[in-house]
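Here the structure is laid out as structure tokens; the discussion comes afterwards.
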Amino acid sequence: EAQVTQNPRYLITVTGKKLTVTCSQNMNHEYMSWYRQDPGLGLRQIYYSMNVEVTDKGDVPEGYKVSRKEKRNFPLILESPSPNQTSLYFCASSSAESSYEQYFGPGTRLTVT
Amino acid sequence: DQQVKQNSPSLSVQEGRISILNCDYTNSMFDYFLWYKKYPAEGPTFLISISSIKDKNEDGRFTVFLNKSAKHLSLHIVPSQPGDSAVYFCAASRNFGNEKLTFGTGTRLTIIP
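Note that the protein sequences, when read in sequence, are chains A and B.
Counting along the first sequence from 1, when you hit position 20 you're at 20 in this note's numbering, and nothing is skipped either side.
Counting along the second sequence from 1, when you hit position 110 you're at 110 in this note's numbering, and nothing is skipped either side.
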């Protein structure tokens, strides 16, 4: 089954404790992105990647890091989480041929206390 | 600065009637527009899209209209069904690419049986 998986689905952590949210897709897609969803703000892009070792900042990259060492994986790293990073995070992927049709993962709800 | 705006946070429509969801944008460089649908506890799913060279695109019960001079697009759902109850996000892109999608804040559509 074609899918984007994220882990963990739920995470509660404390300020400053480094964490990684994993994202994996099995569709051999070139493009991958991370978004955060906040009330009244919709979905905002954090980082995106057009292929292996190619990443670029989205609209709200501060406080986040990403890497794309393999085509299928695109982890999101929070080196020193802060409460304002409490949010619902989505990973998405799409192919270069049909780049507008993004497939989203189920989301990761992160709470930073 | 919200470049893509959905001014109605919620909308209720009787089953069988037409649902009209609206979206406005400010950036004249946007040339590709999309609608995504999101159910609770799931990631958004792609619904329909339109290029700036068109003013209408139809897919079954879903039609998207684009008015470039007004920087406005709308999604029409006819007839509305209970399964259409979801949050709908409008999104815009430049250069016909998905590498950077700008999303609106979403409209929660409720179909009343």
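Cβ coordinates follow ideal geometry from the N, Cα and C atoms, glycine included.
All values derive from a computational prediction rather than experimental measurement.
{"Query": "Any beta carbon from chain A within less than 8 Å of residue 75 (chain B)'s own beta carbon?", "Result": "no"}
{"Query": "Could you tell me whether any non-hydrogen atom of the ligand HEM is closer than 7 Å to the CB of residue 4 (chain A)?", "Result": "Only the bare structure without any ligand can be found here, which leaves the ligand HEM out of the picture."}
{"Query": "Is the CB of residue 71 (chain B) under 8 Å away from at least one CB in chain A?", "Result": "no"}
{"Query": "Could you check which residue in A:42, A:57, A:101 has the C-alpha nearest to that of residue 76 (chain A)?", "Result": "A:57"}
{"Query": "Using CA coordinates, which residue listed in B:82, B:68, B:47, B:81 is at the minimum distance from residue 104 (chain A)?", "Result": "B:47"}
{"Query": "Nearest CA to the CA of residue 76 (chain B): which residue from B:112, B:69, B:93, B:49?", "Result": "B:49"}
{"Query": "Using only the alpha-carbon positions, how far apart do residue 56 (chain B) and residue 16 (chain B) sit?", "Result": "22 Å"}
{"Query": "Three or more beta-carbon pairs under 8 Å between the stretch 74-94 of chain A and the stretch 6-23 of chain B, yes or no?", "Result": "no"}
{"Query": "Run through the DSSP bridge pairs and tell me what residue 74 (chain A) is partnered with.", "Result": "None; residue 74 (chain A) has no bridge partner."}
{"Query": "Could you check which residue in A:96, A:89, A:25 has the C-alpha nearest to that of residue 42 (chain B)?", "Result": "A:89"}
{"Query": "Going by the CB atoms, is the gap between residue 45 (chain A) and residue 33 (chain A) shorter than 8 Å?", "Result": "yes"}
{"Query": "By Cβ distance, which residues of its chain are closer than 7 Å to residue 37 (chain A), with the 5 residues on each side in sequence left out?", "Result": "43, 87, 88, 90"}
{"Query": "Note down, in chain order, all residues in the stretch 80-113 of chain A with a beta-carbon under 7 Å from any beta-carbon belonging to chain B.", "Result": "90, 94, 99, 100, 101, 102, 104, 105, 106, 107"}
{"Query": "Would you verify that the beta carbon of residue 42 (chain A) is, or is not, closer than 8 Å to some beta carbon of chain B?", "Result": "yes"}
{"Query": "What residue from B:3, B:13, B:6 has the CA that sits closest to residue 78 (chain B)'s CA?", "Result": "B:13"}
{"Query": "Please state whether the Cβ-Cβ distance between residue 68 (chain A) and residue 53 (chain A) is less than 8 Å.", "Result": "yes"}
{"Query": "Please state whether DSSP places residue 27 (chain B) in a helix, a strand or coil.", "Result": "coil"}
{"Query": "Check the Cβ-Cβ distances between residue 154 (chain A) and every residue of chain B, and say whether any is below 8 Å.", "Result": "There is no way to answer for residue 154 (chain A), as the model of chain A reaches only from 1 to 113."}
{"Query": "Taking Cβ to Cβ, would you say residue 3 (chain A) is nearer than 8 Å to residue 107 (chain A)?", "Result": "no"}
{"Query": "Quick one: list the residues of chain B neighbouring residue 25 (chain A), beta-carbon separation under 9 Å, in chain order.", "Result": "Ordered by position in chain B, no residue passes the 9 Å Cβ test against residue 25 (chain A), which lies about 12 Å from the chain."}
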